[in-house]
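A.B. asks: For the protein sequence lines, the chains are U and S, in the order given. Mapping of the first sequence onto our numbering: residues 2 to 352, in sequence order. Mapping of the second sequence onto our numbering: residues 2 to 352, in sequence order. For glycine and all other residues, C-beta sits at the position ideal for the given N, C-alpha and C. All values derive from a computational prediction rather than experimental measurement.
2 protein chains.
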Amino acid sequence: MNIREIASRAKVSVATVSRIINRVPTVDPVLSKRVRRVIHEAGYHPNPHARALASGRTRTVGLIVSEIRGGNPFVTELIQHFEECASRNGYGMLVSFATQSFDSQRIAESLRRVREHRVDAVAIMTFGMEELLLDRLEVKNTPLVFVDVGPAVPRVSNISIDYMTGIRQAVQHLVALGHRKIAYLTGELRLSTLRERRNAFVKCITELGLRQDSKLIIEEEHSMQGGKRAIAGLLRTEKRVSAVMCCNDAAAIGAIHQIVESGLRVPEDISVVGFDDIPLAQFTTPPLTTVRLSQEELARLAFNALLADLERKKPIENGVRYPLQTQLIIRNSTALVSRGRSHRNGMRNGA
Amino acid sequence: MNIREIASRAKVSVATVSRIINRVPTVDPVLSKRVRRVIHEAGYHPNPHARALASGRTRTVGLIVSEIRGGNPFVTELIQHFEECASRNGYGMLVSFATQSFDSQRIAESLRRVREHRVDAVAIMTFGMEELLLDRLEVKNTPLVFVDVGPAVPRVSNISIDYMTGIRQAVQHLVALGHRKIAYLTGELRLSTLRERRNAFVKCITELGLRQDSKLIIEEEHSMQGGKRAIAGLLRTEKRVSAVMCCNDAAAIGAIHQIVESGLRVPEDISVVGFDDIPLAQFTTPPLTTVRLSQEELARLAFNALLADLERKKPIENGVRYPLQTQLIIRNSTALVSRGRSHRNGMRNGA
DNA sequence: CAATGTCAAGTAATCGGTTTCTCACAATCT
DNA sequence: AGATTGTGAGAAACCGATTACTTGACATTG
Numbered sequence: 002m003n004i005r006e007i008a009s010r011a012k013v014s015v016a017t018v019s020r021i022i023n024r025v026p027t028v029d030p031v032l033s034k035r036v037r038r039v040i041h042e043a044g045y046h047p048n049p050h051a052r053a054l055a056s057g058r059t060r061t062v063g064l065i066v067s068e069i070r071g072g073n074p075f076v077t078e079l080i081q082h083f084e085e086c087a088s089r090n091g092y093g094m095l096v097s098f099a100t101q102s103f104d105s106q107r108i109a110e111s112l113r114r115v116r117e118h119r120v121d122a123v124a125i126m127t128f129g130m131e132e133l134l135l136d137r138l139e140v141k142n143t144p145l146v147f148v149d150v151g152p153a154v155p156r157v158s159n160i161s162i163d164y165m166t167g168i169r170q171a172v173q174h175l176v177a178l179g180h181r182k183i184a185y186l187t188g189e190l191r192l193s194t195l196r197e198r199r200n201a202f203v204k205c206i207t208e209l210g211l212r213q214d215s216k217l218i219i220e221e222e223h224s225m226q227g228g229k230r231a232i233a234g235l236l237r238t239e240k241r242v243s244a245v246m247c248c249n250d251a252a253a254i255g256a257i258h259q260i261v262e263s264g265l266r267v268p269e270d271i272s273v274v275g276f277d278d279i280p281l282a283q284f285t286t287p288p289l290t291t292v293r294l295s296q297e298e299l300a301r302l303a304f305n306a307l308l309a310d311l312e313r314k315k316p317i318e319n320g321v322r323y324p325l326q327t328q329l330i331i332r333n334s335t336a337l338v339s340r341g342r343s344h345r346n347g348m349r350n351g352a
Numbered sequence: 002m003n004i005r006e007i008a009s010r011a012k013v014s015v016a017t018v019s020r021i022i023n024r025v026p027t028v029d030p031v032l033s034k035r036v037r038r039v040i041h042e043a044g045y046h047p048n049p050h051a052r053a054l055a056s057g058r059t060r061t062v063g064l065i066v067s068e069i070r071g072g073n074p075f076v077t078e079l080i081q082h083f084e085e086c087a088s089r090n091g092y093g094m095l096v097s098f099a100t101q102s103f104d105s106q107r108i109a110e111s112l113r114r115v116r117e118h119r120v121d122a123v124a125i126m127t128f129g130m131e132e133l134l135l136d137r138l139e140v141k142n143t144p145l146v147f148v149d150v151g152p153a154v155p156r157v158s159n160i161s162i163d164y165m166t167g168i169r170q171a172v173q174h175l176v177a178l179g180h181r182k183i184a185y186l187t188g189e190l191r192l193s194t195l196r197e198r199r200n201a202f203v204k205c206i207t208e209l210g211l212r213q214d215s216k217l218i219i220e221e222e223h224s225m226q227g228g229k230r231a232i233a234g235l236l237r238t239e240k241r242v243s244a245v246m247c248c249n250d251a252a253a254i255g256a257i258h259q260i261v262e263s264g265l266r267v268p269e270d271i272s273v274v275g276f277d278d279i280p281l282a283q284f285t286t287p288p289l290t291t292v293r294l295s296q297e298e299l300a301r302l303a304f305n306a307l308l309a310d311l312e313r314k315k316p317i318e319n320g321v322r323y324p325l326q327t328q329l330i331i332r333n334s335t336a337l338v339s340r341g342r343s344h345r346n347g348m349r350n351g352a
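#1: Which residues, in chain order, does the stretch 216 to 234 of chain U contribute to contact with chain S at a C-beta distance below 9 Å?
#2: Going by C-alpha distance, which of P47/U, K240/U, E297/U and A43/U is nearest D277/U?
#3: When DSSP builds the beta bridges, which residues end up paired with E220/S?
#4: Could one say the Cβ of E298/U lies closer than 7 Å to chain S's Cβ atoms, at least one of them?
#5: Give, in chain order, every residue of the stretch 309 to 325 of chain U whose Cβ lies closer than 9 Å to some Cβ of chain S.
#6: What does P49/U reach in chain S if we use C-beta pairs closer than 7 Å?
#7: Does any CB atom of chain U fall closer than 7 Å to the CB of F284/S?
#8: With 7 Å as the threshold, decide whether the Cβ of V62/U is near any Cβ in chain S.
#9: Under 7 Å between the Cβ atoms of A252/S and L186/S?
#10: What do you reckon, are the CB atoms on N16/S and V62/S nearer than 7 Å?
#11: Can you have a look at F83/U and say buried or exposed, based on whether 16 or more other CB atoms are within 10 angstroms of its CB?
#12: Under the DSSP definition of a beta bridge, which residues are partnered with S158/U?
#13: Please report the Cβ distance between L195/U and C248/U, rounded to the nearest whole angstrom; I am assuming they are in contact, meaning their Cβ atoms lie under 8 Å.
#14: Under 6 Å from any heavy atom of the ligand FAD, does the C-beta of R20/S make it?
#15: Out of curiosity, what's the CA-to-CA distance linking R89/U and R191/S?
#16: Between H41/U and chain S, is the shortest Cβ-Cβ distance under 7 Å, so that the two count as touching?
#17: Closest by CA to V274/U, which one among I331/U, S339/U, V157/U and L265/U?
#18: If you reduce the DSSP assignment to three classes, tell me which class A309/U lands in.
#19: So the candidates are R313/U, I65/U and G91/U; which of them puts its Cα closest to the Cα of I80/U?
#20: Is T286/S buried or exposed, if buried means 16 or more other CB atoms sit within 10 Å of its CB?
#21: Determine the extent of the beta strand (DSSP E) in which A434/S is found, giving its start and end residues.
#22: Tell me, please, whether the CB atom of A336/U is closer than 7 Å to any CB atom in chain S?
#23: Less than 7 Å between the C-beta atoms of A201/S and M165/S, yes or no?
#24: Sorted by chain position, which residues of the same chain lie with C-beta nearer than 8 Å to V157/U's C-beta, five sequence neighbours on each side aside?
#25: Just the C-alpha distance for T77/U and L95/U, rounded to the nearest angstrom, thanks.
#26: Can you name, in chain order, every residue of its own chain whose Cβ lies under 6 Å from the Cβ of R199/U, other than the five neighbours on each side?
#27: Please list, in chain order, all residues of the same chain as G234/S whose beta carbon is under 7 Å from its beta carbon, the five residues on each side excluded.
#28: Near S193/U, which residues of its chain fall below 7 Å by C-beta distance, leaving aside the five closest residues on each side in sequence?
#29: Using a Cβ-Cβ cut-off of less than 7 Å, give me the residues of the stretch 184 to 207 of chain S that come near chain U, in sequence order.
#30: Alpha carbons only, please: which of E239/U, N333/U and V176/U is nearest the one belonging to L211/U?
#31: When you compare the stretch 14 to 34 of chain U with the stretch 20 to 32 of chain S, are there three or more beta-carbon pairs, one atom per stretch, that lie closer than 8 Å?
#32: According to DSSP, simplified to helix, strand and coil, what is R322/S?
#33: Starting from D277/U, follow the alpha helix (DSSP H) in both directions and report where the run begins and ends.
#34: For S97/S, which beta-bridge partners are listed by DSSP?
#35: Just the chain U side, please: which residues come within less than 7 Å of E84/S by C-beta, in chain order?
#36: Check whether chain U comes within 7 Å of H180/S, counting only Cβ atoms and requiring the distance to be less than that.
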């Protein structure tokens with residue numbers, strides 16, 4: 002079943018059928034209705050590859066992410082929200098995993114694979130890994146959208162996340178609860194997004210007049226395993242930490258896990274704050290206080306940026322910047338610092 | 002840059018270039034090497050849509066899953082493992098989310114969308130939702146693979162999961178720890194996979210001579226929220242339950258959460274067993290004892306089934322069945338039943 | 001009433017590959 | 001030597017759509 006078959010059944014030319022399918026406005030509505038009926042009765046759907054070949058557009062957008070394994074649902078959420086935006090607008094989505102490595106070869110390959118499929122636009126959401134390929138990036142008139150980084154050139158949009166607001170709320174929250182010695186667990190600082198988060202934290206600490214202690218900033222993987230290891234190391238050397246902020250929720254979950262395993266309690270002995278607000282954050286024990294970086298908003302912003310660019314006739318000179326806010330969500334993993342707290346035998350202070 | 006350009010640069014015909022790209026064995030190796038160099042130097046990659054159009058094969062396999070949102074990483078893991086298998090074999094992957102609804106319309110639409118893209122084969126891993134579309138399934142010579150269900154017809158493979166083995170190990174484990182009153186949290190029993198898990202549980206209970214009490218089987222959503230709600234209801238009516246088995250890890254996490262919120266402890270007051278063994282299961286508090294259904298093996302089995310079928314010249318009459326085992330993984334969410342246990346004020350019985 | 005303009009619908013070139021068919025040339029056989 | 005077979009490479013048809021260009025019917029104008 003192809004367009005010729007439809008044309009002959011409806012007794013019109015293939016060009017007319019094509020025009021009807023593509024909603025070209027000059028076709029007679031009566032004729033259009035008749036042909037549409039034929040199309041529907043035949044259960045015909047145009048071959049997307051033929052359309053892509055002939056028109057040069059695939060109605061598909063690419064999405065490059067780091068990876069979704071290892072139990073960190075942030076990227077997962079992002080993908081599904083992005084897919085929803087795409088399909089709502091009649092677009093397909095092609096995901097490519099650049100894999101959790103800093104091998105810029107792999108990311109470049111990922112981008113190449115996506116482009117080979119002739120997608121109309123690409124969102125690059127690897128949260129910092131893309132920095133490595135910015136120089137070798139040839140902007141071939143394909144609309145692109147980056148997060149945090151990205152050159153100010155035509156056809157490239159940029160989502161700039163305001164880490165500061167949410168992190169400031171978190172630090173102020175902890176300080177208001179009496180915490181003074183606050184550790185910060187970061188993932189690999191090669192990732193620009195994690196540098197920005199750490200910098201925001203340090204800035205807030207000094208803003209509030211607390212002493213900044215570099216021994217309290219621990220670099221590990223930004224994963225559950227990493228959070229666990231970081232806490233294990235921290236508790237060995239720094240006995241008087243009463244609160245821990247983490248660069249993402251996965252690390253926070255690992256942190257809680259290790260804190261409990263070390264015989265301490267959250268939040269009675271140590272308060273924990275995450276970052277991202279993944280759905281799981283509501284279901285940890287205890288539910289996690291965290292800084293929300295809305296995955297839904299991020300996906301929507303990115304897709305709409307691409308769509309806007311696709312629909313623009315003339316590209317905008319320096320690209321477009323879209324701001325995205327972050328916000329503290331208070332749950333139960335943070336509490337007033339306990340007075341007579343002592344580490345190796347957290348004295349129970351009743352319910 | 003297209004195949005004609007390469008042909009003229011290499012001073013051969015386009016047919017020869019095409020043969021070289023597709024590794025047709027009859028071309029002269031010396032010539033091939035020369036042309037390959039030209040291809041490489043030009044940075045040429047064939048247009049996949051043109052190839053698909055001309056050859057009828059897309060080198061892409063479809064994957065239909067329920068959905069990946071809501072924080073259940075099982076499907077997420079599946080997708081990434083599947084993608085790995087595909088790309089290792091030079092295939093692309095097209096994911097379609099049938100969305101968490103029993104609207105068979107949506108699943109059929111999902112399958113249609115995937116087929117419209119002319120994928121070479123499709124894996125349907127919605128864990129029971131696909132039952133609803135089996136009747137309206139036209140097997141158009143596209144290889145398909147199902148999990149648990151699926152007709153025994155040519156070009157359709159089937160992965161049949163042995164739920165019994167793992168669940169029997171789990172029940173025996175609990176009974177050995179002294180548990181007698183074991184609740185079972187199931188998701189919606191419309192899903193065949195969940196019916197099979199429940200049936201296996203009931204069979205094990207009677208096998209071991211325990212009294213089977215239908216009040217102890219609670220049907221809710223198979224999600225963290227569902228697990229939480231199920232436990233809330235259970236603790237209101239059944240005070241003497243000492244262990245809970247869940248139809249998946251997500252529900253188990255929700256269950257633990259509610260148990261703790263109700264002032265009880267896991268595993269001291271109530272033991273909890275999950276199902277799936279998602280990566281997160283190692284990082285709950287406490288780490289979850291669970292029945293492993295290897296996502297990696299499942300993905301590999303499914304992809305290889307499709308690949309085998311694609312490479313077969315003559316289809317096998319009744320399709321092929323591939324077995325997949327399950328296995329108990331013991332962690333810390335299960336423990337000896339406590340003697341003087343009483344619900345509303347779990348008396349601490351020391352470490 | 002002839003000339004011109006408008007507009008919907010048709011004809012055919014095109015997108016970038018694959019694959020069938022054909023042919024030139026070399027090797028083998030009688 | 002001449003006929004037969006085999007082999008590697010080129011010419012051209014084809015996949016299923018889009019779209020620039022063309023046509024022809026009808027309306028408008030001088």
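C.D. replies: According to the structure data:
#1: M225, Q226, G228 and K229
#2: Along the first sequence, read from residue 1 onward, the residue named residue 277/U stands at position 276. Checking every option, the nearest Cα to that of D277/U belongs to E297/U.
#3: Walking along the second sequence from the start, residue 220/S turns up at place 219. Partner(s): T187/S.
#4: Taking the first sequence and counting its residues from 1, the one referred to as residue 298/U is at position 297. Answer no: the Cβ-Cβ gap between E298/U and chain S never drops below 7 Å.
#5: none
#6: One-based indexing of the first sequence puts residue 49/U at position 48. Residues of chain S passing the Cβ test: E117 and H118.
#7: Reading the second sequence from its first residue, position 283 is the one you call residue 284/S. Interface residue, yes.
#8: Taking the first sequence and counting its residues from 1, the one referred to as residue 62/U is at position 61. Output row for V62/U: interface = no.
#9: Within the second sequence, the letter at position 251 stands for residue 252/S. Within the second sequence, the letter at position 185 stands for residue 186/S. Taking 7 Å as the Cβ cut-off, A252/S and L186/S qualify as a contacting pair.
#10: Numbered from its first residue, the second sequence carries residue 16/S at position 15. Numbered from its first residue, the second sequence carries residue 62/S at position 61. It is worth fixing the name first, because residue 16/S is Ala in this sequence and not Asn. Cβ atoms of A16/S and V62/S: not closer than 7 Å.
#11: If you number the first sequence from 1, residue 83/U lands on position 82. It is buried - the Cβ of F83/U has at least 16 other Cβ atoms within 10 Å.
#12: As a first step, residue 158/U must be located in the first sequence, where it is residue number 157. Bridge partners of S158/U: V146/U.
#13: Counting from 1 along the first sequence, the entry for residue 195/U is found at position 194. Counting from 1 along the first sequence, the entry for residue 248/U is found at position 247. Indeed they touch by this definition, with Cβ atoms about 5 Å apart.
#14: You won't find the ligand FAD in this model; it holds no ligand whatsoever.
#15: Here the question's residue 89/U lines up with position 88 in the first sequence. Here the question's residue 191/S lines up with position 190 in the second sequence. Distance between the alpha carbons of R89/U and R191/S is about 28 Å.
#16: Position 40 of the first sequence holds residue 41/U. Closer than 7 Å: no.
#17: Numbered from 1 along the first sequence, position 273 holds the residue referred to as residue 274/U. The residue with the shortest Cα to Cα distance from V274/U is I331/U.
#18: Here residue 309/U refers to the residue found at position 308 of the first sequence. Helix at A309/U.
#19: Position 79 of the first sequence, counted from the start, is the residue given in the question as residue 80/U. Looking at the Cα atoms, I65/U is the closest of the given residues.
#20: Along the second sequence, read from residue 1 onward, the residue named residue 286/S stands at position 285. The residue is buried, with at least 16 neighbouring Cβ atoms inside 10 Å.
#21: Nothing in the structure corresponds to residue 434/S, since chain S is present only between 2 and 352.
#22: If you number the first sequence from 1, residue 336/U lands on position 335. For A336/U, the answer is no, since every Cβ of chain S falls outside 7 Å of its Cβ.
#23: One-based indexing of the second sequence puts residue 201/S at position 200. One-based indexing of the second sequence puts residue 165/S at position 164. Their beta carbons are under 7 Å apart, which means A201/S touches M165/S by this criterion.
#24: Residue mapping note: residue 157/U aligns to position 156 of the first sequence, counting from 1. Closer than 8 Å at the Cβ level, and outside the excluded window around V157/U, lie V140, P144, L145, V146, F147, G151 and G320.
#25: Taking the first residue of the first sequence as 1, we reach residue 77/U at position 76. Taking the first residue of the first sequence as 1, we reach residue 95/U at position 94. Rounded to the nearest angstrom, the two C-alpha atoms are 14 Å apart.
#26: As a working mapping, residue 199/U is identified with position 198 in the first sequence. Result list for R199/U: T187, in chain order.
#27: In the second sequence, the residue the question calls residue 234/S occupies position 233. Here the set comprises I219.
#28: The residue labelled residue 193/U in the question sits at position 192 within the first sequence. Excluding sequence neighbours, S193/U sits near G129, E132, D149 and V150.
#29: none
#30: Taking the first sequence and counting its residues from 1, the one referred to as residue 211/U is at position 210. Residue V176/U is the option with its Cα nearest to L211/U.
#31: no
#32: On the second sequence, residue 322/S is found 321 positions in, with the first residue counted as 1. Note: R322/S maps to strand in three-state DSSP.
#33: What you label residue 277/U is simply residue 276 of the first sequence in a count that begins at 1. That residue, D277/U, is in no alpha helix (DSSP H); its beta strand (DSSP E) goes S272 to D277.
#34: Along the second sequence, read from residue 1 onward, the residue named residue 97/S stands at position 96. Beta-bridge pairing links S97/S to I65/S.
#35: Taking the second sequence and counting its residues from 1, one reaches residue 84/S at position 83. Near E84/S (Cβ distances below 7 Å), the residues of chain U are F98.
#36: Counting from 1 along the second sequence, the entry for residue 180/S is found at position 179. Answer no: the Cβ-Cβ gap between H180/S and chain U never drops below 7 Å.
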